[in-house]
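Asks:
Number of protein chains: 2
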Amino acid sequence: MPAQTASRVASLKNVATRLRIESIRATSEAGSGHPTSCCSAAEVVSALFFAEMRYDPRDPKNPHNDRFVLSKGHAAPVLYAAWAEAGIIPHAELLTLRRIDSDLEGHPTPRLPWVDVATGSLGQGVCAAVGIALNARRIASDYRTYVLLGDGESSEGSVWEAAEAAAFHSLDSLCAITDVNAFGQSQPTPWQHDMEALAGRWRAFGWHTLIVDGHDIVAVTDALDAARGARGRPTMLLARTLKGKGVSAFEGKPGWHGKPLKKGAELDAALRELEAQIVPEDANGDAGPAWRGPVYDSTETPDVPPSLPLPAPPYEMGQEVATREAYGDALARLGAADARVVVLDADVKNSTFSDRFEKVAAKRFHQMFIAEQVMLGAAMGLAARGAIPFPSTFGAFLSRAYDFIRMAAISNLNVKMCGSHVGVSIGEDGPSQMALEDLAMMRAQPNLAVLYPSDAVSTELLVREAARHTGPVYLRTSRPKTPVIYGKDETFPIGGLKVLRSDADDAAVVVAAGVTVHEALTAWDQLRARGVHIRVVDLYSVQPVDEDMLTRCAKEAQGRVITVEDHYAAGGVGDAVASALAPAGFTVHRIAVREIPRSGKPEELLDRYGISARHIVTAVLRLVST
Amino acid sequence: MPAQTASRVASLKNVATRLRIESIRATSEAGSGHPTSCCSAAEVVSALFFAEMRYDPRDPKNPHNDRFVLSKGHAAPVLYAAWAEAGIIPHAELLTLRRIDSDLEGHPTPRLPWVDVATGSLGQGVCAAVGIALNARRIASDYRTYVLLGDGESSEGSVWEAAEAAAFHSLDSLCAITDVNAFGQSQPTPWQHDMEALAGRWRAFGWHTLIVDGHDIVAVTDALDAARGARGRPTMLLARTLKGKGVSAFEGKPGWHGKPLKKGAELDAALRELEAQIVPEDANGDAGPAWRGPVYDSTETPDVPPSLPLPAPPYEMGQEVATREAYGDALARLGAADARVVVLDADVKNSTFSDRFEKVAAKRFHQMFIAEQVMLGAAMGLAARGAIPFPSTFGAFLSRAYDFIRMAAISNLNVKMCGSHVGVSIGEDGPSQMALEDLAMMRAQPNLAVLYPSDAVSTELLVREAARHTGPVYLRTSRPKTPVIYGKDETFPIGGLKVLRSDADDAAVVVAAGVTVHEALTAWDQLRARGVHIRVVDLYSVQPVDEDMLTRCAKEAQGRVITVEDHYAAGGVGDAVASALAPAGFTVHRIAVREIPRSGKPEELLDRYGISARHIVTAVLRLVST
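Line by line, the protein sequences give chains L and P.
In case it helps, my numbering puts the first sequence at residues 29 to 654.
In case it helps, my numbering puts the second sequence at residues 29 to 654.
1) Hey, does L150/P have any beta-carbon neighbour from chain L nearer than 9 Å?
2) Consult DSSP for M29/L and reduce its assignment to one of helix, strand or coil.
3) Given that a residue counts as buried once 16 or more other Cβ atoms are within 10 Å of its Cβ, and exposed if not, what is I52/L?
4) To the nearest angstrom, report how far apart A365/L and P105/P are at their CA atoms.
5) At what residues does the beta strand (DSSP E) containing Y596/P begin and finish?
6) Alpha carbon to alpha carbon, how far is C561/P from A620/P?
7) Based on Cα-Cα distance, which residue from G234/P, V73/P, V616/P lies nearest to I205/P?
8) What do you reckon, are the CB atoms on R166/L and K391/L nearer than 9 Å?
9) Between A585/P and V652/L, what straight-line distance do the alpha-carbon atoms span, to the nearest angstrom?
10) Between Q571/L and chain P, is there a C-beta pair that is closer than 9 Å?
11) Of the choices W552/P, V452/P, R504/P, whose alpha-carbon is the least far from that of V527/P?
12) A610/P versus chain L: which residues are under 8 Å apart at the beta carbon?
13) Could you check how far apart the C-beta atoms of L265/L and A251/L are, in whole angstroms? I think they sit under 8 Å.
14) According to the neighbour-count rule (16 or more other Cβ atoms, all chains shown, within 10 Å of its Cβ), is G257/P buried or exposed?
15) Residues of chain A with a CB under 9 Å from the CB of S214/P: which are they?
16) Got a sec, what are the start and stop residues for the alpha helix (DSSP H) Y430/L sits in?
17) Between the C-alpha atoms of P288/L and D131/L, what's the straight-line distance to the nearest angstrom?
18) For the stretch 462-487 of chain P, which residues have a CB atom closer than 7 Å to at least one CB atom of chain L, in sequence order?
19) Closest to N93/P by CA distance: which of H617/P, D144/P, S183/P is it?
20) Taking the CB atoms as reference points, tell me whether S607/L and R563/L lie closer together than 9 Å.
21) Using 8 Å for Cβ pairs, my map puts D566/L next to S453/L. What's the rounded Cβ distance?
22) Among the candidates E493/L, V443/L, H394/L, whose CA atom is the shortest distance from the CA of A412/L?
23) Take the Cβ of D222/P as the centre, count every other Cβ of all protein chains shown within 10 Å, and call the residue buried at 16 or more, exposed below.
24) Looking at the C-beta of D457/P, does it have a partner C-beta in chain L at a distance below 9 Å?
25) Are there 16 or more other CB atoms within 10 angstroms of the CB of D576/L, so buried, or fewer, so exposed?
26) Using the three-state DSSP reduction, which class does G178/L fall into: helix, strand or coil?
27) Can you tell me which of Q215/P, Y480/P, V246/P, D200/P puts its alpha carbon nearest to the alpha carbon of T21/P?
28) Okay, do the stretch 399-419 of chain L and the stretch 183-196 of chain L touch, 3+ Cβ pairs below 8 Å being the bar?
29) Determine which residues of the stretch 174-200 of chain L have a Cβ less than 9 Å from any Cβ of chain P, and write them out in chain order.
30) Using DSSP bridges, identify the partner residues of Y514/L.
31) Would K291/L pass as an interface residue toward chain P - the criterion being a Cβ-Cβ separation below 9 Å?
32) So for F520/L, helix, strand or coil by DSSP?
33) Just tell me which of K629/L, R504/L, S60/L has its CA closest to the CA of V601/L.
34) Where does the unbroken beta strand (DSSP E) through A536/P begin, and where does it stop?
35) Buried or exposed: S379/L, going by 16 or more other Cβ atoms within 10 Å of its Cβ?
36) DSSP three-state call for P63/L: helix, strand or coil?
Here you go:
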């Protein structure tokens with residue numbers, strides 16, 4: 029960006045004033061919202077949208093547009109006002125803010141095509157921005173990524189995960205701006221306006237760090253210019269601002285977070301005050317907002333599905349392979365054929381086996397170190413820009429990123445999570461490493477597909493299904509080796525199940541998944557020896573479930589349904605099956621882990637916590653005898 | 029600690045060598061574990077346990093013992109070896125590591141009386157240490173808190189939340205040590221041995237920061253001495269170490285994380301190598317481990333239950349009070365009577381109303397800013413040391429701390445979480461602020477009590493029940509005002525429910541909780557006008573549930589059971605009731621939020637997402653007609 033002319037500066041100042049006016053008007057009309065958080069950011073947003081960023085306002089999804097993420101999502105009205113100023117949405121629509129019939133929600137969501145990721149849970153947008161910046165490399169684009177944070181938000185650890193990741197990956201196309209208005213929601217921030225203290229942190233984390241007066245258009249545009257010149261590291265622009273800037277009723281005052289002005293005298297006085305701040309513009313000059321226009325060919329579409337058919341899973345029946353290892357090999361094969369596939373790790377690649385992908389596609393493998401939040405957040409950003417990211421770690425540690433998963437679901441992003449080392453079957457490492465609530469947390473999200481393979485073939489094919497599926501997916505893999513039970517020609521559509529054993533006279537149906545499929549097959553053998561026939565179902569798709577087929581199995585197995593899972597009793601396979609069968613009037617006997625487990629050998633733990641073949645046999649015999 | 033004599037140094041060196049020997053032997057015997065992570069920390073642990081810390085090894089729970097938290101929990105064997113060295117457990121027991129019949133688990137848990145909080149999920153121990161240090165102030169004790177982190181662990185954002193919180197609260201009784209061995213699990217850490225880069229971060233976060241050779245006993249003890257002298261800020265001691273120190277097979281080598289030496293030649297060679305490192309000690313001097321002994325009266329018990337009876341809840345029937353506001357007032361009244369009660373906030377105290385407590389007990393109110401992980405982690409540390417902490421924030425943002433909640437459950441800690449602003453009934457702020465999966469995530473933990481009040485009286489009394497209960501509790505509060513429906517003399521035992529409406533000829537039972545209780549009562553009115561009688565149940569205790577009473581209600585209401593909740597369909601009230609009724613053969617018709625919601629007015633959203641009185645009426649009529 030060239031140095032600003034006086035008339036451009038006047039124009040950008042007036043944009044900022046208009047952004048304030050629109051933000052205040054809209055929040056007053058809605059009767060809720062965060063006008064003071066908008067006012068502090070007005071010059072920064074004006075400078076970004078009307079002097080700095082390259083984007084085509086007619087083509088929000090253009091892969092080469094510069095990107096903007098509003099990490100401080102509660103300032104949504106100033107973003108919406110910027111779009112109106114840019115001609116993207118009508119000004120009148122701003123007054124529909126927060127209405128049930130408006131897409132201008134209280135916090136931004138991807139219902140709006142200019143929003144990549146939903147924000148409003150603080151500390152997440154900056155993590156997504158890391159992923160968006162990584163994506164520019166993937167598609168060899170020179171687009172830049174901008175993210176606006178709040179200062180209160182900077183207490184979130186995820187911000188520092190993003191700080192480390194962006195510096196480690198030398199993301200010089202990333203420019204973050206912190207709106208340092210010194211107030212959180214309920215009190216001043218810890219550092220208030222100590223700009224040097226804040227700058228010291230970002231510098232210590234390896235960022236190119238600048239301090240500016242966030243209400244000085246020239247200072248802000250100059251700093252953005254300097255950011256663009258930085259090489260090898262991301263830039264943090266710390267903008268010293270006043271919360272509520274421009275309106276004397278609340279400028280720099282505590283107690284005004286998330287409070288709109290009352291319509292009538294209070295609002296009118298503020299509007300008059302702001303209108304008086306409009307400065308003269310040069311009628312013959314470059315007055316009015318402008319963007320420099322796209323410098324790319326907007327017809328370019330970097331992301332295309334793979335053309336080659338993938339090979340059949342290279343496994344033989346009975347071969348002993350852990351599903352976590354099959355996951356790594358499946359990723360490697362899929363990744364070789366599909367340039368959209370990206371893998372993110374939290375320093376456990378040799379346990380999840382995602383290192384198999386790294387070996388074949390190192391450039392699309394991103395080490396995020398032991399920082400699950402930025403791993404998920406970066407995956408969200410990548411997914412929003414056309415990649416198919418597979419963030420993977422121990423299932424237990426995905427709980428670290430549950431707020432991100434929640435927001436990924438709200439955004440319906442194409443994030444494909446893999447959690448390994450689930451359940452008590454991991455053995456000696458003990459409960460801290462066992463995912464026993466991951467199914468519950470993933471199933472709670474209504475649009476999240478939950479897949480749970482039991483052998484190498486189903487793992488390989490479910491990895492492919494996950495990649496094909498639109499929306500978030502969770503794949504649950506296990507530590508122990510299990511025999512291959514499926515032929516290479518099987519299919520595993522999301523929402524399906526497999527009936528592994530059935531007879532006309534089945535006395536009960538046992539619904540299992542993952543390692544318990546093998547326990548159920550052992551139980552089938554043992555019961556058969558006693559003359560009792562059971563149906564065995566592999567519920568590889570825990571969400572959505574195949575209600576029709578489950579109901580049919582329940583009917584054909586005399587209404588006796590047993591579920592068995594390496595997971596706590598609430599929220600997992602048992603609840604999924606019970607919910608599916610309720611309309612037909614069938615209830616479920618749930619076998620699951622019902623207490624906090626401890627260290628031990630896998631087989632000892634399966635037995636101690638009641639989910640081994642022996643317990644299935646006992647449950648079937650008890651149920652059949654009643 | 030006085031400067032070390034030569035003979036003390038020799039003694040401490042030999043302790044370190046013996047810790048290595050025991051760690052290697054135990055992990056080889058177990059066939060799994062992390063010997064290299066133990067070896068790097070041996071001198072630090074030796075110096076802490078045998079030169080620095082004041083504790084009574086016969087009385088692990090003494091409230092004035094110095095505390096040690098092993099944040100890098102995978103180094104458990106070196107901790108267990110230190111206890112053996114101190115005479116706390118027999119040396120022979122070390123070889124039971126990771127066995128199902130041993131409390132020496134793969135990662136430390138509070139099954140062991142010297143462990144305050146379970147660790148093994150990285151970045152949590154240091155947050156707990158913040159709480160333990162805060163607790164020293166609460167009980168006016170001069171005990172110090174030590175926490176040992178790994179360097180890989182320092183990528184976790186929660187570490188930086190702890191860093192900020194400890195500095196903000198001037199916790200000079202807190203001394204953290206980072207074992208900088210330069211290796212994570214799968215590859216070198218981002219900064220490897222760049223000690224100055226690491227130190228810059230901690231200094232920027234306001235810590236007294238020292239760099240030492242972590243294998244130099246004198247340097248370590250001197251640094252611990254300096255830490256004790258620091259005033260007004262916590263100390264970080266960055267110990268440069270070699271992973272696997274002392275054993276040439278793996279010292280400083282990659283690829284050895286989490287791998288024991290093979291029993292036989294490999295182990296024997298390592299043991300011989302270590303035994304050769306034993307140095308001569310002065311037989312007449314102060315050879316052998318020693319602690320300086322307790323300097324406190326170990327019979328002192330600072331925590332006593334409140335003696336005064338609490339006043340009755342000051343509400344009148346029909347009064348409109350939001351349960352979140354009743355929560356704040358209940359906390360204030362409880363906190364005035366019970367010095368164990370502590371409240372932690374994440375900068376939303378004016379929304380959760382925990383600021384009512386701050387007004388009456390500011391010293392026991394801890395502002396953790398927008399950092400939910402350290403809020404929960406600090407609560408875990410406080411709970412481990414006798415406090416009854418109530419960390420509260422929006423229910424949605426407790427998802428940020430789910431990994432901590434999981435670990436709090438593993439530790440069975442007395443943490444009383446409150447999540448406000450749950451469900452679509454919050455209205456215009458939109459989905460990012462709505463907790464719709466919190467019941468699922470909390471219920472998944474088998475030992476977590478989940479309470480969900482519907483009015484001010486039940487809120488007040490459930491806050492008291494939560495405080496009285498042993499173990500983790502979640503209290504779910506709502507944003508809208510709701511009328512008081514209970515008299516002051518009601519009781520709300522955990523595991524109970526309230527039948528609000530019943531008739532001999534009830535055609536169905538509607539089980540509701542929180543805001544939907546009021547929708548159900550409205551539906552009762554409307555159905556009654558149409559001659560249909562329903563039973564209305566307030567399931568204020570969502571976990572555990574009153575199975576007997578629910579079953580009786582189902583039986584008496586002709587087996588027709590409807591649940592209605594302001595929560596997603598999976599994992600909440602519906603699943604809890606279905607699970608409870610399954611043994612009696614009753615199924616449940618679940619009314620819940622089944623898609624990602626949007627902004628709008630609360631009443632609009634209740635209706636749009638199908639959980640309002642109108643939908644209950646429709647569901648009852650449909651069920652009754654079939």
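Using N, Cα and C, we set each Cβ at its ideal position, and we do this for glycine too.
Replies: Answer, in terms of the structure:
1) Taking the first residue of the second sequence as 1, we reach residue 150/P at position 122. So, interface residue.
2) Residue 29/L sits at position 1 when you count from the first residue of the first sequence. Confidence in M29/L is poor, its pLDDT being 46 and thus under 50, which makes the residue's placement unreliable; the coordinate value appears in the next sentence. Coil at M29/L, not helix or strand.
3) Indexing the first sequence from 1 puts residue 52/L at position 24. Label assigned to I52/L: buried.
4) As a working mapping, residue 365/L is identified with position 337 in the first sequence. As a working mapping, residue 105/P is identified with position 77 in the second sequence. Going by the C-alpha atoms only, they are around 45 Å apart.
5) On the second sequence, position 568 is the one that residue 596/P refers to. Residues 589-596.
6) Translated into the one-based positions of the second sequence, residue 561/P becomes position 533. Translated into the one-based positions of the second sequence, residue 620/P becomes position 592. Just to set this straight, residue 561/P is His in the shown sequence, not Cys. Computed Cα separation, rounded: 22 Å.
7) Looking up residue 205/P in the second sequence gives position 177. Nearest C-alpha to I205/P: V73/P.
8) Position 138 of the first sequence, counted from the start, is the residue given in the question as residue 166/L. Position 363 of the first sequence, counted from the start, is the residue given in the question as residue 391/L. Their beta carbons are under 9 Å apart, which means R166/L touches K391/L by this criterion.
9) Position 557 of the second sequence holds residue 585/P. Position 624 of the first sequence holds residue 652/L. Distance between the alpha carbons of A585/P and V652/L: 28 Å.
10) If you number the first sequence from 1, residue 571/L lands on position 543. For Q571/L, the answer is yes, since a Cβ of chain P falls inside 9 Å of its Cβ.
11) Indexing the second sequence from 1 puts residue 527/P at position 499. The residue with the shortest Cα to Cα distance from V527/P is W552/P.
12) As a first step, residue 610/P must be located in the second sequence, where it is residue number 582. Per Cβ cutoff of 8 Å: A606, T615, V616, H617, R618.
13) To locate residue 265/L, count along the first sequence from 1; it is residue 237. To locate residue 251/L, count along the first sequence from 1; it is residue 223. Between A251/L and L265/L the Cβ distance is about 5 Å, and since that is below 8 Å, they are a contact.
14) Position 229 of the second sequence, counting from 1, holds the residue named residue 257/P. Under this definition G257/P is an exposed residue.
15) No chain A is present in this structure, whose protein chains are L and P.
16) By one-based count along the first sequence, residue 430/L stands at place 402. Its alpha helix (DSSP H) spans residues 430-438.
17) Counted from its first residue, the first sequence places residue 288/L at position 260. Counted from its first residue, the first sequence places residue 131/L at position 103. About 20 Å.
18) E465, A468, M469, R471, A472, Q473, P474, N475
19) Working through the second sequence from its first residue, we reach residue 93/P at position 65. Among H617/P, D144/P, S183/P, the Cα nearest to that of N93/P is on D144/P.
20) Taking the first sequence and counting its residues from 1, the one referred to as residue 607/L is at position 579. Taking the first sequence and counting its residues from 1, the one referred to as residue 563/L is at position 535. No, the Cβ-Cβ distance between S607/L and R563/L is not below 9 Å.
21) Taking the first residue of the first sequence as position 1, residue 566/L is located at position 538. Taking the first residue of the first sequence as position 1, residue 453/L is located at position 425. At roughly 16 Å, the Cβ-Cβ gap does not stay under 8 Å, so D566/L and S453/L are not in contact.
22) Here residue 412/L corresponds to residue number 384 of the first sequence, with the count starting at 1. If we check each option's Cα against that of A412/L, V443/L comes out closest.
23) Your numbering for residue 222/P matches position 194 in the second sequence. Label assigned to D222/P: exposed.
24) The count along the second sequence starts at 1 and reaches residue 457/P at position 429. Yes, D457/P counts as interfacial toward chain L.
25) Start at 1 with the first residue of the first sequence, and residue 576/L comes out as number 548. With fewer than 16 Cβ atoms within 10 Å of its Cβ, D576/L is classed as exposed.
26) Here residue 178/L refers to the residue found at position 150 of the first sequence. Here G178/L sits in strand by DSSP.
27) This structure gives no information on residue 21/P, because the portion of chain P shown stretches from 29 to 654.
28) yes
29) G178, G180, E181, S182, S183, E184, G185, S186, V187, W188, E189, A190, A191, E192, A193, A195, F196
30) Here residue 514/L refers to the residue found at position 486 of the first sequence. Y514/L pairs with nothing; no bridge assigned.
31) One-based indexing of the first sequence puts residue 291/L at position 263. No, K291/L lies away from the interface with chain P (no Cβ there is under 9 Å from its Cβ).
32) One-based indexing of the first sequence puts residue 520/L at position 492. Residue state, collapsed to three classes: coil.
33) Counted from its first residue, the first sequence places residue 601/L at position 573. With distances taken between Cα atoms, V601/L lies closest to R504/L.
34) On the second sequence, residue 536/P is found 508 positions in, with the first residue counted as 1. A536/P -> beta strand (DSSP E) spans 536-540.
35) Within the first sequence, the letter at position 351 stands for residue 379/L. Its Cβ being crowded by 16 or more others within 10 Å, S379/L is buried.
36) Within the first sequence, the letter at position 35 stands for residue 63/L. Helix, per DSSP.
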